Amino acid sequence: MADPKRGNYEDINQKLWYRKFIRGINPQGGQPYPDQDTPATEEQLKDDFVDYWGSRLKTDEAFRKHNTYNELMSQFWEDDDIILQTYAVADGQTIPRNKQKEWFRSELRFISVIFPADANHKKGDKAPIASVSWAPWFVLIAASSAIHSEKDILHIMSWSREDGQFRYYARDLIMNGEATGQHGWVYLCSSMDAFDAPGKAYLGPLNGHVNGGIVMKEIHKPWMHWLVGGRGVTDLLDFDLANELMEAPWLTHPGFPPLYGASVQSGETFERIVLDSLRVWFTSRRHKDFMTASGETEERPRNIQRWAAHFFLTTNINIAATSNNANIVPSDHFFSYEMLRGYSDLLPNRNMYDKKWLAAHVLPETPAALTAWNEEQFGSAKHKYYTQEKWFQKYSIASFGYDGPSYLWASRELKLCTLQEVANEKDAQLVVPKNVLAGGIMMGTLEDGAEDIRGGDQTNFAVQQWGEGDNPWVILQSSVDDAHGVWMAQRMFLGDDKNAARCQLFSEKTFNALQMVDFWNPIYSWRRLKLMQYIPVAAQFVDTPTKDLVTGEDVYTYDLEQNFIDAVKKRMSGKGDLKKLQDRWPEAEFLLNLEKPLIEHQIRISNYTNQVAQNLGDATWILNYLKLAESRRRMFRPMPMNFFGSNIPYCLAMPLGHPWLEMTEQASVRPIPKRGVDVLKGWLESLAGADPNVIPQKQTLKEINKMIKENVKQDTVGLPVNLLPRPSTMRMACQRFIAVTNPETSERPHSCPFMAGEHLASAHTAVEA
Numbered sequence: 167m168a169d170p171k172r173g174n175y176e177d178i179n180q181k182l183w184y185r186k187f188i189r190g191i192n193p194q195g196g197q198p199y200p201d202q203d204t205p206a207t208e209e210q211l212k213d214d215f216v217d218y219w220g221s222r223l224k225t226d227e228a229f230r231k232h233n234t235y236n237e238l239m240s241q242f243w244e245d246d247d248i249i250l251q252t253y254a255v256a257d258g259q260t261i262p263r264n265k266q267k268e269w270f271r272s273e274l275r276f277i278s279v280i281f282p283a284d285a286n287h288k289k290g291d292k293a294p295i296a297s298v299s300w301a302p303w304f305v306l307i308a309a310s311s312a313i314h315s316e317k318d319i320l321h322i323m324s325w326s327r328e329d330g331q332f333r334y335y336a337r338d339l340i341m342n343g344e345a346t347g348q349h350g351w352v353y354l355c356s357s358m359d360a361f362d363a364p365g366k367a368y369l370g371p372l373n374g375h376v377n378g379g380i381v382m383k384e385i386h387k388p389w390m391h392w393l394v395g396g397r398g399v400t401d402l403l404d405f406d407l408a409n410e411l412m413e414a415p416w417l418t419h420p421g422f423p424p425l426y427g428a429s430v431q432s433g434e435t436f437e438r439i440v441l442d443s444l445r446v447w448f449t450s451r452r453h454k455d456f457m458t459a460s461g462e463t464e465e466r467p468r469n470i471q472r473w474a475a476h477f478f479l480t481t482n483i484n485i486a487a488t489s490n491n492a493n494i495v496p497s498d499h500f501f502s503y504e505m506l507r508g509y510s511d512l513l514p515n516r517n518m519y520d521k522k523w524l525a526a527h528v529l530p531e532t533p534a535a536l537t538a539w540n541e542e543q544f545g546s547a548k549h550k551y552y553t554q555e556k557w558f559q560k561y562s563i564a565s566f567g568y569d570g571p572s573y574l575w576a577s578r579e580l581k582l583c584t585l586q587e588v589a590n591e592k593d594a595q596l597v598v599p600k601n602v603l604a605g606g607i608m609m610g611t612l613e614d615g616a617e618d619i620r621g622g623d624q625t626n627f628a629v630q631q632w633g634e635g636d637n638p639w640v641i642l643q644s645s646v647d648d649a650h651g652v653w654m655a656q657r658m659f660l661g662d663d664k665n666a667a668r669c670q671l672f673s674e675k676t677f678n679a680l681q682m683v684d685f686w687n688p689i690y691s692w693r694r695l696k697l698m699q700y701i702p703v704a705a706q707f708v709d710t711p712t713k714d715l716v717t718g719e720d721v722y723t724y725d726l727e728q729n730f731i732d733a734v735k736k737r738m739s740g741k742g743d744l745k746k747l748q749d750r751w752p753e754a755e756f757l758l759n760l761e762k763p764l765i766e767h768q769i770r771i772s773n774y775t776n777q778v779a780q781n782l783g784d785a786t787w788i789l790n791y792l793k794l795a796e797s798r799r800r801m802f803r804p805m806p807m808n809f810f811g812s813n814i815p816y817c818l819a820m821p822l823g824h825p826w827l828e829m830t831e832q833a834s835v836r837p838i839p840k841r842g843v844d845v846l847k848g849w850l851e852s853l854a855g856a857d858p859n860v861i862p863q864k865q866t867l868k869e870i871n872k873m874i875k876e877n878v879k880q881d882t883v884g885l886p887v888n889l890l891p892r893p894s895t896m897r898m899a900c901q902r903f904i905a906v907t908n909p910e911t912s913e914r915p916h917s918c919p920f921m922a923g924e925h926l927a928s929a930h931t932a933v934e935a
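Per our numbering, the sequence shown starts with residue 167, numbered consecutively.
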């Protein structure tokens, strides 16, 4: 149906378009290359428009004319064969109306999901759908609260079980001189394009959806910025917007408050959808890479480095926080609980009570590490000493409880807060002088919605609220993407030619040795990043299985593991005593870990986590661990996937030159050594640049400033101040350099909630408060 509030119903270009993303900076003009749209060819229509959305665009002219979020959702809401569910997320949701200043600005965004109705999933069912594996197709539509807008973000992720991947589309400004100023439906990429380097990998939507699947950053409870349960968003809605949302029957049931009684569901259901979709997508991705078209074992699997990257790199992140009144720091701040809980014996699990498992892991003699632990715990009381069996069955991880008043003291010492740009300097607690930020800071988050992509102006930040919001310990954690990647790579089953035998990239011994390299730094570990360079670009299937010591099953692998180990050994050959080198050389640390049994790894983890738990009783240590959280946020803020703005807090008391921090095995916090900073910066700057590389390059890459100054329209080039808080909303299209290359940027008033875009000057850092 036509949207009566949007004007001309026929104004959208009726061709279907195909986008090409261009890497790099044009050396002649000094600007990023603009993306290029061309009319989709017959071959592209046949090969890529194969999912529900693409097929609908190809065959349904009336559907192709839809140009607003409201038009599309109204049609689906009235279609008996389609089930519509909508989810709402908003910045500033924790700030009550009576504490909102005149300059306060928040944004409400939506994600809608549509499914085909069938005998088991009917329109009108009371319980929302919380899985996707049953569906032959499903589609996610991301949009802003401007539901009648012809220019706001309208992005599509369309899953096809038959195709086994997502296809990404947008109703967008057409990047083609023959259609200047016109909008149309544009095909962007597919999930498998995420691994097409140097093609579309990490460009367009794929610089947020790095591994090709759905991203929900606040993936677990407490879902701080999502509409969840009885927590509404009424305080964030002005009168006109509230009325507009209540007039849309697919958003609000007549007579109900805004966003109640219709398609809008609670955010925890979306978590279940996302996790199920990741399982389905990673299963499909694994099949595409490790199987032939006929279902047999692929001798030389595709994209092997990207699979290995899940073991070594932080390819993506999620956001975690303490649940209200829990007073427990999320475990993922201290180790990669997200990944290890679903797979590894490094953490306590039920395996340790199994007789066969114990027989495979108990050593003939008591290991030295257990003897040392017994002596430290019990001294001369040898009758209390743990046997290996008792250790495994008593092994546990302490909870990370902390003292509330001590946390409040540390939070105030660090001036933890959320920030928002404001127009007037008198409202600001943080003023960035003219020509310091090289463009792109003002992106529609001011109280009047103004945008300025030219850069160079003074920028004012006001404290939106002191503290971290309703939930303390807002941390970045290792992603569910990387966790799924590890689980899938370690739990493979081969093709029919191998009788669906088990297969894994790394043996248990090697996996444990890898994870124990910088175990204490679950994200942005320069040590594991450095080890990634030894992963070969190709791997060959090894047709000689080993026996699983617990189950007796045959287990196959690839030569990736042995070639990796050989390369590391070759690098360290002749260097000297590995024990003396392990602090400086992660290669030495890995090789030493290879010689250690599982029980020694567990003892080290137990000692570390117990020390952390003890430290959390001291206010000074709480302050140090909060600084560690801020340091990791500063590493993340330049990344394209950072579009959270005020959703992640900022420490005003940590100055511009504050070093990046890391955790140690002794549970202390220290500056990352220069060699580590160089390794991390080289990789992170690549991801924030015009020619990103997910797989780290060996050479040091250029500074971000070279990229940023292309956007400066004045004589004086501003210096980038890295890692300032992002704008409160990302009000841009998802394409990589859309702020520069899309002439409509300043007219786009709202953001995309599930696709991460990037602006040239998003690499911004702390300044003195």
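Built from N, CA and C at the ideal position, the CB exists for glycine as well. As the structure is a prediction and not an experimental result, all values here were calculated from the model.
- Scanning its chain for C-beta atoms nearer than 8 Å, with the 5 sequence neighbours on each side dropped, one finds around residue 298 the residues 281, 304, 325, 439, 442, 443, 446, in chain order.
- Ranking 726, 495, 764 by CA distance to the CA of residue 794 puts 495 first.
- Annotation for residue 407: the continuous alpha helix (DSSP H) segment containing it runs 405-412.
- Straight across, the Cα-Cα distance linking residue 759 with residue 787 is about 28 Å.
- Between the alpha carbons of residue 537 and residue 756 lies a gap of roughly 23 Å.
- For the set 374, 311, 418, the Cα lying nearest the Cα of residue 402 is the one of 311.
- Beta-bridge pairing by DSSP links residue 203 to 185.
- Cβ contact annotation for residue 820 (same chain, cutoff 7 Å, sequence separation greater than five): 580, 793, 796, 932, in chain order.
- DSSP lists 326 as the bridge partner or partners of residue 331.
- In the DSSP annotation of this structure, residue 208 is not part of any beta strand (DSSP E); the continuous alpha helix (DSSP H) holding it starts and ends at 208-213.
- The alpha carbon of residue 676 has as its nearest neighbour, out of 632, 635, 723, 644, the alpha carbon of 723.
- When the beta-carbon positions are compared, residue 754 and residue 805 stay at least 8 Å from each other.
- The continuous stretches of alpha helix (DSSP H) do not include residue 565, and DSSP gives it neither H nor E.
- Selection 465, 515, 597 evaluated against residue 664 yields 465 as nearest (Cα-Cα).
- Non-local C-beta neighbours of residue 294 in its own chain, meaning closer than 7 Å and more than five positions away in sequence, comprise 251, 431, 435, ordered along the chain.
- With a cutoff of 8 Å on beta-carbon distance, residue 320 and residue 337 are scored as near each other.
- Taking residue 563 as the centre and dropping the five residues before and after it, the same chain places the C-beta of 513, 514, 775 closer than 7 Å to its C-beta, in chain order.
- In the displayed model, residue 704 falls within coil according to three-state DSSP, outside both helix and strand.
- Around the beta-carbon of residue 781, 16 or more other beta-carbon atoms lie within 10 Å, marking it buried.
- Judged by DSSP secondary structure, residue 647 falls within the alpha helix (DSSP H) whose first and last residues are 646-656.
- Our two residues, residue 598 and residue 502, have alpha carbons roughly 36 Å apart in a direct line.
- In this structure, 595 is the residue among 595, 178, 284, 287 with its C-alpha nearest to the C-alpha of residue 629.
- Straight across, the Cα-Cα distance linking residue 680 with residue 242 is about 48 Å.
- For residue 703, the number of other beta carbons within 10 angstroms of its own is below 16, and it is reported as exposed.
- Excluding residues up to 5 positions away in sequence, 559 lie with their Cβ nearer than 7 Å to the Cβ of residue 519 in the same chain.
- Sequence-distant partners of residue 711 (beyond 5 residues in either direction) whose C-beta falls short of 6 Å from its own C-beta, in its chain, are 720, 721, 722.
- Considering only 798, 765, 858, 655, the residue with the shortest C-alpha distance to residue 561 is 765.
- Around residue 349, the same chain offers 177, 178, 179, 233, 316, 317, 337, 338, 339, 340 as residues with beta carbons nearer than 8 Å, after the five sequence neighbours per side are excluded.
- Counted as a single uninterrupted DSSP element, the stretch harbouring residue 270 is not any alpha helix (DSSP H), since DSSP gives it neither H nor E.
- Around the beta carbon of residue 192, fewer than 16 other beta carbons sit within 10 angstroms, so the residue counts as exposed.
- Contact between residue 707 and residue 463 is confirmed by a C-beta separation of about 6 Å, below the 8 Å threshold.
- Three or more beta-carbon pairs separated by less than 8 Å link the region 370-390 to the region 345-360, which places the two stretches in contact.
- Setting aside the 5 residues that flank it on each side, residue 459 has no residue in the same chain whose C-beta is closer than 6 Å to its C-beta.
- The three-state reading of DSSP puts residue 278 in strand, counting E and B together.
- Contact annotation: residue 801 and residue 374 have beta-carbon atoms that are not nearer than 8 Å.
- One Cα belongs to residue 696, the other to residue 289, and the distance between them is close to 52 Å.
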